[in-house]
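K.L.:
In our numbering, the protein residues as written are 990 to 1066.
C-beta: ideal position from N, C-alpha, C; glycine also.
In this text, all values refer to a predicted model and were calculated from it rather than measured experimentally.
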């Protein structure tokens, strides 16, 4: 549970050092979305299908992680 409370403290925007965590979170979001877009482009254009599909699945993992942390945070309240 302390992990969940640590994430809440880091991302709620209050306290010292929260801006760094917000910037890292936004940069990670941009990179994950870019990976999904590039993978879809390669999937549509290329004959090889395995690598873009694997890349899409790997790029979706951070979104699943955020969803799990969000749901755990709702239950921790």
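Looking only at its chain, what residues have a beta carbon closer than 6 Å to the beta carbon of residue 1041, apart from the 5 residues adjacent to it on each side?
P.N.:
Taking the first residue of the chain shown as 1, we reach residue 1041 at position 52. Contacts found: 1028, 1031 and 1032.
K.L.:
Distance check for residue 1015 and residue 1009, CA to CA, integer angstroms please.
P.N.:
Counting from 1 along the chain shown, the entry for residue 1009 is found at position 20. Counting from 1 along the chain shown, the entry for residue 1015 is found at position 26. Approximately 10 Å, taken between the alpha carbons.
K.L.:
How would you write the range of the alpha helix (DSSP H) that residue 1054 sits in, first residue to last?
P.N.:
To locate residue 1054, count along the chain shown from 1; it is residue 65. Its alpha helix (DSSP H) spans residues 1039–1065.
K.L.:
For residue 1008, which of helix, strand or coil comes out of DSSP?
P.N.:
As a position in the chain shown, residue 1008 is number 19, starting the count at 1. Reduced to three states, the DSSP call for residue 1008 is helix.
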